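Participant: To convert, count from 1 in the sequence shown and add 143; that's the numbering used here.
Heads up, the beta-carbon is just placed ideally off N, CA and C, and yes, glycines get one too.
Remember, predicted model here, so these are calculated numbers, not experimental data.
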Amino acid sequence: MLALIAFIPILIVGILMVAFDWPSTKAMPVGFVAALVIAAFFWDMPIKWILAATIAGGIDAIDILFIVFGALVILATMKKSGGIDGISHSMAYVSTDRRVQLVLIGFLMGAFFEGAAGFGTPAAVAAPLLVGMGFPPLVAAVATLVGNSAPVSFGAVGTPILGGFANLQNLVEAQGYNNSFYEFLSEVGGFTALLHFLVGSFVPLIMVCSMTLIVDKSIRKGLAVWKLCLFGGLVFTIPEVLIANLVGPELPSLLGSLIAIPIFIFAVRRNFLVPKDKWDFKSRDEWEDDWEGEIKAGSSEIAATAQVMSPKKAWAPYVLIGILLLLSRLRWLPFKDLLNSWSISWNNILGTSISNGITPLYNPGIFPFIFAALLIPFMHGLNREEVKKIWKDTFKQIGPTAVALFFALGMCTAAGRPSGAAGNDSMLIVIAKTLSSIVGKGWYIFAPVIGILGAFISGSATVSDVMFGPLQFDAALHAGIPVV
C-alpha cells in the first residue's frame with residue numbers, strides 16, 4: 144500500500160504530461176506538491192526536513208542550469224557570429240551522395256552538437272541543414288532523431304550523468320563506496336559507453352536504411368553502404384568508449400565527434416568505402432505529400448552566402464572547449480584538483496543532517512563554457528550590444544528548463560530523504576523494495592523500461608535520470624545486483 148502511495152507523485156506527472164499534454168513546467172510543480180503532502184502526512188516528515196530537502200534539490204538544479212546556460216549561450220553566440228554557418232558549410236560539400244551526407248551531418252555533426260549543447264540542439268541544427276540541402280523534411284526529422292541516440296547519454300558535456308544522477312550522492316555514500324562520487328559517476332559513464340558501442344555503432348546504418356525505406360520503399364540502397372555506415376559508427380563509438388573510461392563522462396560525445404568528423408571526411412574524400420553509384424532523392428514532383436508540410440525542402444545545394452566564416456575560425460571555439468575540458472579532467476594533471484579546490488556548501492541545512500553544495504570552477508558550464516562564451520565575441524567580432532542581447536535571450540530561454548528542473552529535483556529529493564527524519568525508509572526506497580521483491584534479479588530486464596518511461600514522459604534523458612535514478616539505484620541494491 145505504501146509503495147502505491149509513494150508512486151503517486153510520479154504517476155501524477157506521467158498522467159498530466161502524457162494524457163493531458165501538460166508541459167513539464169506545469170506538471171512537475173504538481174508532482175512536487177504531491178510529494179511534499181505525502182512526505183508530511185504518510186511519512187511523518189517534519190516541515191523543516193521537507194524544506195531542507197527541497198533546498199538541497201534546488202542546489203542540484205542550479206548546478207545543472209549552469210551547464211545548460213553555458214552550452215546554450217555558446218550556441219547562440221556562434222549562431223549570431225556565423226560560426227554555426229561556417230561549421231555547417233564546412234561539412235555540406237564533402238559528398239553529393241545523400242547517404243554519406245546523412246551519416247556525416249545527421250549522425251556525426253548531430254553527435255557533436257549533442258555533446259556540446261544537448262537539449263534538442265542536434266535536431267534544431269542538423270535537421271534544418273539537411274532540409275536546406277534538399278532532404279525531405281520527413282526524412283530529415285526521422286533520421287536526426289534516430290541519430291541522436293548514441294551520443295545522448297553524454298549530452299551537454301555529460302549533463303544526463305553528472306546532473307541527472309546528482310541526487311544519488313547520499314545513496315552512494317551511504318553504501319560505503321570506496322571512491323569519490325565523481326568516480327562512481329565515471330564508472331556509470333564507462334559502462335554506458337560500452338552499451339553505446341554495442342548498439343550505437345549500427346545507428347548510421349539504421350538511419351540510412353530508414354531514409355531509403357521512406358523514399359524507395361526498400362532498404363537495399365541503404366544496405367549497399369553498410370561498410371561506410373559501420374565505419375562512421377565506429378569512428379565515433381570507439382573514441383566514445385575510450386574517453387568515457389579514461390577521462391570521464393563529460394567528453395565522450397563532444398570529443399568523440401571532434402575526433403570522428405575529420406577521420407570520416409578524410410576517408411570519404413579519398414573514396415574509402417564510398418560506393419561508385421551515388422544515391423539521390425527522386426525528382427520533387429514524385430515526392431509523396433507527407434514528405435513535406437509547411438516546411439519545404441531547399442535546393443539540392445546550399446546557396447552560397449556572401450561571406451562564410453572559414454572552417455578553422457568557425458571550429459576554433461569548440462576545439463578550445465574540448466582541449467580545456469580534456470586538460471581539466473585528466474587525473475594525472477594538476478588542473479582537476481585546482482578547479483575542485485573551491486566549493487560553496489550549505490552544511491546541515493536548516494539544522495538537519497541534509498547538506499549539499501557545488502564546485503563552481505569544476506562545473507563545465509562555468510569553465511570552460513561561460514569562459515569560452517566571453518572569448519567568442521573577440522574571436523568572431525561581435526559587439527557589446529549583440530552579446531548583451533544573446534545573454535539576455537538565453538536567460539529567458541532556460542526559464543522553462545529551470546522551472547522543470549527545480550521542481551523535479553525538489554520532488555525527487557523530498558521523496559528520497561525522509562528516512563533521516565522519521566527513521567523510516569524513504570518513498571523511493573519503499574517503491575524500490577516492492578519492485579525488487581516482485582522482479583528480483585529480473586531487474587536487469589525491467590530497468591531499461593523505467594528509463595524509456597522516464598524519457599517518454601519528460602522528453603529529456605537528464606530529467607528521466609533525475610526522476611528515476613534513485614529508484615534504479617535502490618531497486619538494484621535490494622535485488623542483489625550491481626548498481627552500475
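The alpha helix (DSSP H) with Asn313 in it runs from where to where?
Facilitator: Segment Gln312 to Ala317, the alpha helix (DSSP H) holding Asn313.
Participant: Which same chain residues, not among the five before or five after Asn490, have their C-beta less than 7 Å away from its C-beta?
Facilitator: Around Asn490: Ser498.
Participant: On the premise that Pro303 lies in contact with Thr605, defined as a C-beta separation below 8 Å, what is that separation, rounded to the nearest angstrom?
Facilitator: Confirmed, Cβ separation roughly 5 Å.
Participant: Mind checking which residues open and close the alpha helix (DSSP H) that includes Asn388?
Facilitator: Unbroken alpha helix (DSSP H) run through Asn388: Trp369 to Leu389.
Participant: Ignore the nearest five residues each way along the sequence and tell me which others in Gly376's own chain have a CB closer than 8 Å to its CB.
Facilitator: Contacts found: Phe250, Ala293, Gly343, Ser344, Phe345, Val346, Pro347 and Leu348.
Participant: Under a Cβ-count criterion, where at least 16 other Cβ atoms within 10 Å of its own Cβ denotes burial, should Ala557 be classed as buried or exposed?
Facilitator: With 16 or more Cβ atoms within 10 Å of its Cβ, Ala557 is classed as buried.
Participant: Kindly identify the DSSP beta-bridge partner or partners of Asn499.
Facilitator: Looking at the DSSP assignment, Asn499 forms a beta bridge with Trp489.
Participant: Nearest CA to the CA of Val546: which residue from Leu394, Trp165, Pro172 and Leu281?
Facilitator: Considering only alpha carbons, the answer is Pro172.
Participant: Quick one, are the C-beta atoms of Val156 and Met570 less than 9 Å apart?
Facilitator: Result no, Cβ atoms of Val156 and Met570 do not sit closer than 9 Å.
Participant: Check Leu401 in the structure and name its three-state DSSP category.
Facilitator: Reduced to three states, the DSSP call for Leu401 is helix.
Participant: If you draw a straight line from the C-alpha of Pro613 to the C-alpha of Phe409, how long is it?
Facilitator: Spanning the two alpha carbons is a distance of roughly 44 Å.
Participant: Helix, strand or coil: how does DSSP classify Thr239 here?
Facilitator: Of the three classes helix, strand and coil, the one that applies to Thr239 here is coil, per DSSP.
Participant: Considering only their Cβ atoms, is the gap separating Leu552 from Ala204 smaller than 9 Å?
Facilitator: Yes. Within cutoff.
Participant: Taking the straight line between their C-alpha atoms, what separation do you get for Pro460 and Asp536?
Facilitator: Going from the Cα of Pro460 to the Cα of Asp536 covers about 20 Å.
Participant: How many Å lie between Trp127 and Trp186 at the Cα?
Facilitator: Examination of residue 127 is not possible in this model, given that the chain is present from 144 through 627 alone.
Participant: If we count the other Cβ atoms within 10 Å of its Cβ and call it buried at 16 or more, is Val462 buried or exposed?
Facilitator: By the 10 Å Cβ count, Val462 comes out exposed.
Participant: How about Phe175 and Ser400: are their beta carbons less than 9 Å apart?
Facilitator: No, the pair does not count as a contact, with Cβ atoms beyond the cut-off.
Participant: To the nearest angstrom, how far is it from the Cα of Thr448 to the Cα of Trp586?
Facilitator: Because Thr448 sits at a pLDDT of 47, beneath the cut-off of 50, its placement in the model cannot be relied upon, and the following sentence gives the value as read from the coordinates. Rounded to the nearest angstrom, the two C-alpha atoms are 55 Å apart.
Participant: Which residues in the same chain as Phe589 place their Cβ atom closer than 6 Å to its Cβ, once the five residues preceding and following it in sequence are excluded?
Facilitator: Only Val582 meet the Cβ criterion.
Participant: Which whole-angstrom value describes the C-beta separation of Phe308 and Val331, a residue pair presumed to lie in contact below a C-beta threshold of 8 Å?
Facilitator: About 7 Å; that satisfies the 8 Å criterion.
Participant: Am I right that Pro280 and Trp434 are in contact with their C-beta atoms under 8 Å? What's the rounded C-beta distance?
Facilitator: Contact flag correct, Cβ pair sits at about 7 Å.
Participant: What do you get for Met234, buried or exposed, if any count of 16 or more other CB atoms within 10 angstroms of its CB means buried?
Facilitator: By the 10 Å Cβ count, Met234 comes out buried.
Participant: Just mark Ala446 as buried or exposed, buried being the case when its beta carbon has 16 or more other beta carbons within 10 Å.
Facilitator: Legend: pLDDT at Ala446 = 45, less than 50; position of this residue unreliable, no value from coordinates given.
Participant: Spell out a yes or no on whether the stretch 380 to 392 and the stretch 240 to 248 are touching, meaning 3 or more CB-CB pairs, one atom from each, closer than 8 Å.
Facilitator: As far as the Cβ criterion goes, the stretch 380 to 392 does not touch the stretch 240 to 248, which means the pair count is below three.
Participant: Considering Cα atoms alone, identify which of Leu373, Cys372, Ile402 and Leu504 is closest to Leu385.
Facilitator: The shortest Cα separation from Leu385 among Leu373, Cys372, Ile402 and Leu504 belongs to Ile402.
Participant: Just to confirm the assignment, what range does the alpha helix (DSSP H) spanning Pro543 have?
Facilitator: Note, Pro543: alpha helix (DSSP H), Gly542 to Gly559.
Participant: Report the rounded CA-to-CA distance for Asn310 versus Gly275, giving the unit in angstroms.
Facilitator: Computed Cα separation, rounded: 42 Å.
Participant: Report yes if the CB atom of Lys576 is closer than 9 Å to the CB atom of Ile624, and no otherwise.
Facilitator: No, these two residues do not count as a Cβ contact at 9 Å.
Participant: Going by C-alpha to C-alpha distance, which of Pro418, Ile362, Asn483 and Gly258 sits closest to Phe512?
Facilitator: Checking every option, the nearest Cα to that of Phe512 belongs to Gly258.
Participant: So, at 7 Å on beta carbons, what are the nonlocal neighbours of Leu476 in its own chain, with the 5 sequence-adjacent residues on each side left out?
Facilitator: Hits under 7 Å: Leu470.
Participant: Suppose only complete runs of 4+ residues qualify. What are the alpha helix (DSSP H) ranges in the stretch 201 to 279, listed by chain order?
Facilitator: Segments of the alpha helix (DSSP H) lying fully in the stretch 201 to 279: 226 to 235, 241 to 244, 253 to 259 and 264 to 275.
Participant: Can you tell me which of Ser601, Met252, Cys372 and Asp608 puts its alpha carbon nearest to the alpha carbon of Thr168?
Facilitator: The candidate whose alpha carbon is nearest that of Thr168 is Ser601.
Participant: List the endpoints of the continuous alpha helix (DSSP H) containing Pro625.
Facilitator: Unbroken run through Pro625: none, as it is neither H nor E.
Participant: Count the other CB atoms within 10 Å of the CB of Asp420; is the residue buried (16 or more) or exposed (fewer)?
Facilitator: By the 10 Å Cβ count, Asp420 comes out exposed.
Participant: Mind checking Ala564: buried by the 16 CB within 10 Å criterion, or exposed?
Facilitator: Residue placement at Ala564 is flagged as unreliable, the pLDDT there being 44, under the threshold of 50; the coordinate-derived value follows with that caveat. Burial call: buried.
Participant: Quick check on the burial criterion: 16 or more other C-beta atoms within 10 angstroms. Buried or exposed for Phe163?
Facilitator: Exposed is the call here.
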